[in-house]
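Peer 1:
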Amino acid sequence: MKWIAPALAYFAVGFGLFAMHSAWGALLGFHTAIILSLSIAKPDIPISVLLKNKNVVWIPLSILICSGSGVTLYFLWDDLGFANDLPQQIEALGLKASTWPMFITYFALVNPFVEEYFWRGYLGDNTKSLHSSDLLYAGFHALILIDKVQTTSILFALAALVAAGWFWRQVRRVDEGLLAPVLGHMAADLTILIIVYKAVT
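Every position in the sequence shown, counted from 1, becomes a number in this note's numbering once 364 is added.
#1: Taking C-alpha atoms, which residue in W464, L525, A524 and R533 lies nearest to I559?
#2: Use the C-beta contact count for W532: other C-beta atoms within 10 angstroms, 16 or more gives buried, fewer gives exposed.
#3: Find out if the Cβ-Cβ distance for the pair A405, A373 is shorter than 9 Å.
#4: Since Q514 is in the alpha helix (DSSP H), which residue starts that stretch and which ends it?
#5: So which of Q514, L400 and A369 has the shortest CA-CA distance to D443?
#6: Alpha carbons only, please: which of G503, T565 and S403 is nearest the one belonging to A528?
#7: Is it the case that the Cβ atoms of V526 and Y486 are separated by a distance below 9 Å?
#8: Pair every Cβ in the segment 492-501 with every Cβ in the segment 403-419, then say whether three or more of these pairs are closer than 8 Å.
#9: Counting Cβ pairs closer than 8 Å, one from the segment 548-564 and one from the segment 474-483, do we hit at least three?
#10: Kindly give me the distance between the Cβ atoms of L543 and L414, rounded to whole angstroms, as I take these residues to be in contact under 8 Å.
#11: Once you ignore the five residues that flank W368 on each side, which residues in its own chain have a CB closer than 8 Å to its CB?
#12: For F446, write down the residues that DSSP places opposite it in a beta bridge.
#13: Find the nearest neighbour of D408 within the set L547, F482, G434 and H505, judged by alpha-carbon distance.
Structure representation (structure tokens):
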């Protein structure tokens, strides 16, 4: 099941984006695929791990580091080669000025809990080296970026996401919980989405 689960998650994102042409469809399908996989696998990992923190220092550190994602995107925006019709592409996925706020709120507040339990909890590992879960976590983002940004920027983003996955997994290992990774993930999602929102609306 551990190797079927990521495939289902990838399929859900791809189906939502390319068949339904819906950002909400991709996001909710992604979460549904993950929750369905977890309900079948029944991992021996308590949900409470999402709120577990051993050393409080990891919380502000994770938030600070991960907030840099949006800051970096802001300063590199003109160099990343975004498609000229990016606003139209985003709007075609159902994200308009009126729907963006709810999307950002749900994405930033719910997605980190779902993803951290799945990628760093269920699929994660305590190795200090790179792990397949780091690569799998990063990989599905390519589906989101295709045709929206130049190829070299997709590769740059994937490398950054592999590093983020590795970092959150190490925090989980040393801190023995997922609260710091969840909050860092929230900071990354929120700052990135706000920058994109400002750029396309």
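Cβ atoms here follow ideal geometry from the backbone N, Cα and C, with glycine treated the same way.
Treat the numbers as computed from the prediction; the structure is a model and nothing was measured.
Peer 2: Quick answer:
#1: Position 195 of the sequence shown, counted from the start, is the residue given in the question as residue 559. Cα-wise, what sits closest to I559 is W464.
#2: The residue you call residue 532 lines up with position 168 of the sequence shown. Result: buried.
#3: For the purposes of this step, residue 405 is taken as residue 41 along the sequence shown, with counting starting at 1. For the purposes of this step, residue 373 is taken as residue 9 along the sequence shown, with counting starting at 1. Not in contact: A405 and A373 (Cβ atoms no closer than 9 Å).
#4: Position 150 of the sequence shown, counted from the start, is the residue given in the question as residue 514. Note, Q514: premise wrong, no alpha helix (DSSP H); not H, not E.
#5: The sequence position of residue 443 within the sequence shown is 79, counting from 1. Closest by alpha carbon: Q514.
#6: On the sequence shown, residue 528 is found 164 positions in, with the first residue counted as 1. Selected option, being the one with the closest Cα: G503.
#7: Counting from 1 along the sequence shown, the entry for residue 526 is found at position 162. Counting from 1 along the sequence shown, the entry for residue 486 is found at position 122. Contact: no.
#8: no
#9: yes
#10: Along the sequence shown, read from residue 1 onward, the residue named residue 543 stands at position 179. Along the sequence shown, read from residue 1 onward, the residue named residue 414 stands at position 50. So it is a contact: roughly 7 Å between Cβ atoms.
#11: Against the sequence shown, residue 368 aligns to sequence position 4. The question names Trp, but residue 368 is Ile in the sequence shown. Within the same chain, I368 has close Cβ partners S401.
#12: The residue you call residue 446 lines up with position 82 of the sequence shown. In DSSP, F446 forms a bridge with V513.
#13: Sequence index remark: in the sequence shown, residue 408 carries index 44 (1-based). Closest by alpha carbon: F482.
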